[in-house]
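Residue numbers 1121 to 1392, in the working numbering, belong to the letters of the sequence shown in order.
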Amino acid sequence: MEEAAGERTNLAGVRHILLVLSGKGGVGKSTISTQLALALRHSGRRVGIMDVDLCGPSIPRMFQVQDSDVHQCDSGWVPVYVDQDKSISLMSIGFLLEKPDDAVVWRGPKKNALIKQFVADVAWGDLDFLIVDTPPGTSDEHISTVEALRPHKLLGAILVTTPQAVSVGDVRRELTFCKKTGLRVLGIVENMSGFVCPHCSECTNIFSKGGGEELAKHAGVPFLGCVPLDPQLSQSLEEGRDFIQDFPRSPAFTCLTRIAQRILDGTLQQCS
1121 MEEAAGERTN
1131 LAGVRHILLV
1141 LSGKGGVGKS
1151 TISTQLALAL
1161 RHSGRRVGIM
1171 DVDLCGPSIP
1181 RMFQVQDSDV
1191 HQCDSGWVPV
1201 YVDQDKSISL
1211 MSIGFLLEKP
1221 DDAVVWRGPK
1231 KNALIKQFVA
1241 DVAWGDLDFL
1251 IVDTPPGTSD
1261 EHISTVEALR
1271 PHKLLGAILV
1281 TTPQAVSVGD
1291 VRRELTFCKK
1301 TGLRVLGIVE
1311 NMSGFVCPHC
1321 SECTNIFSKG
1331 GGEELAKHAG
1341 VPFLGCVPLD
1351 PQLSQSLEEG
1361 RDFIQDFPRS
1371 PAFTCLTRIA
1381 QRILDGTLQQ
1391 CS
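Quick look at the structure:
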């Protein structure tokens, strides 16, 4: 009972919780999580990111705060803030490792315990959205995350795929996972959908195209949009820059802000 009360207290100020999922690794879940957080921040929302990719925590690096420390307060762990306004807050195992290159060689029970601790013991404060960046697959971490968040305001999941058939096939399994766990699918994002030339800004489909949209139609869930491979987006992630602020003329900017707006529209409809 004490643990449940602690969970209610630390997540009481969080209005919506979104999971970013994919059955496939390397499709850009962390990229989508990061850029979605920035787009929501620029729309006036306060956002947190909980990084439960315990073996490959990349969120701290993408915001260039990987050298930050986690501190304790009366309510638990204080998340790491990206800016002085505290409009984006982060929690990741990357902040807890002694060395950045340390490998997390843990069995399932220890991983599950840390995820539950992230849910119960992080003092998130007041947030409009808590985005949960997950590892690939449908393993222990995913089950523990859904179960730990279920008593709270869990809005649903965003599934990320790339256009290729191999990726789409893995995301089909993620759809099955969502169905079995009763997790609402807010929509599908097709990442790496074409390549934006840095010289002429023309978008070329170096992979196949349309797999994500076709999957969304087949599954009867919303298609949130395509995000192209964009050198400016890659640059912003490498340098920890705010892509949404610094590259408003990029084709990827339009795609990402449109996806964020569709999520906002969906939350408003749910609350109405």
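We put the CB at the ideal spot given by N, CA and C, even for glycine.
Small disclaimer: the values here were computed from a predicted structure and weren't measured.
(request) Sort out for me which residues DSSP pairs Q1192 with in a bridge. (result) Locating residue 1192 in the sequence shown gives position 72, where the first residue counts as 1. The partner list for Q1192 (beta bridge, DSSP) reads W1197.
(request) Just mark Q1155 as buried or exposed, buried being the case when its beta carbon has 16 or more other beta carbons within 10 Å. (result) Counting from one through the sequence shown, the residue named residue 1155 turns up at place 35. Its Cβ being crowded by 16 or more others within 10 Å, Q1155 is buried.
(message) Here's a check: name, in chain order, each residue in its chain whose Cβ is nearer than 8 Å to the Cβ of S1328, leaving out the five neighbours to either side.
(response) Reading the sequence shown from its first residue, position 208 is the one you call residue 1328. Excluding residues within five positions, the ones whose Cβ falls inside 8 Å are P1283, Q1284 and A1285.
(message) For a test of the three-state rule: what should DSSP assign to E1123, helix, strand or coil?
(response) Reading the sequence shown from its first residue, position 3 is the one you call residue 1123. With a pLDDT of only 45 at E1123, under the threshold of 50, the placement of this residue in the model should not be trusted; the figure read from the coordinates follows. E1123 falls in the helix class under three-state DSSP.
(message) Along the chain, where does the beta strand (DSSP E) containing V1347 start, and where does it finish?
(response) As a first step, residue 1347 is located in the sequence shown; it is residue number 227 there, counting from the start. Looking at the DSSP string, the run of the beta strand (DSSP E) that includes V1347 is F1343 to L1349.
(request) Starting from D1366, trace the beta strand (DSSP E) both ways and give me its first and last residue. (result) Stepping through the sequence shown from its first residue, residue 1366 is reached at position 246. Looking at the DSSP string, D1366 is not in any beta strand (DSSP E); the run it does join, the alpha helix (DSSP H), is F1363 to D1366.
(request) Could you say which of V1185, P1177, G1143 and P1199 lies nearest to D1221 if we only look at CA atoms? (result) In the sequence shown, counting from the first residue as 1, residue 1221 sits at position 101. Closest by alpha carbon: P1177.
(request) Identify, in the order they occur along the chain, each residue of the same chain with its Cβ nearer than 7 Å to the Cβ of V1115, setting aside the five sequence neighbours on each side. (result) The structure shown does not extend to residue 1115, since the chain is modelled only from 1121 to 1392, so the question has no answer here.
(request) Could I get the ranges of all uninterrupted beta strand (DSSP E) runs contained in the segment 1224-1256, with 3 residues as the minimum, in chain order? (result) 1247-1253
(message) Can you find the residues in the same chain that come closer than 7 Å, C-beta to C-beta, to R1128, ignoring five residues on each side of it along the sequence?
(response) Working through the sequence shown from its first residue, we reach residue 1128 at position 8. At R1128 the pLDDT is 49, less than 50, meaning the model places this residue with poor confidence; the figure from the coordinates comes in the next sentence. So no residue of the chain qualifies.
(request) Would you mind sorting N1325 into buried or exposed? The rule is 16 or more other CB atoms within 10 Å of its CB. (result) Counting from 1 along the sequence shown, the entry for residue 1325 is found at position 205. By the neighbour-count rule (16 or more Cβ atoms within 10 Å), N1325 is not buried but exposed.
(message) Tell me the rounded alpha-carbon separation between D1385 and K1230.
(response) Mapped onto the sequence shown, residue 1385 falls at position 265. Mapped onto the sequence shown, residue 1230 falls at position 110. Cα-Cα distance, rounded: 38 Å.
(message) Please report the distance separating the alpha-carbon of I1235 from that of V1252.
(response) Taking the sequence shown and counting its residues from 1, one reaches residue 1235 at position 115. Taking the sequence shown and counting its residues from 1, one reaches residue 1252 at position 132. C-alpha separation (whole angstroms): 11 Å.
(request) Along the alpha helix (DSSP H) that carries T1265, what are the first and last residues, could you check? (result) Position 145 of the sequence shown holds residue 1265. From DSSP, the alpha helix (DSSP H) with T1265 extends over D1260 to L1269.
(request) Under 8 Å by Cβ, that's how I've got P1256 and G1164 pegged, so tell me the actual separation to the nearest angstrom. (result) Here residue 1256 refers to the residue found at position 136 of the sequence shown. Here residue 1164 refers to the residue found at position 44 of the sequence shown. With 8 Å as the limit, P1256 and G1164 do not qualify as a contact, their Cβ atoms being about 32 Å apart.
(request) Note the first and the last residue of the continuous alpha helix (DSSP H) segment covering I1326. (result) The count along the sequence shown starts at 1 and reaches residue 1326 at position 206. Neither: I1326 is in no alpha helix (DSSP H) and is coded neither H nor E.
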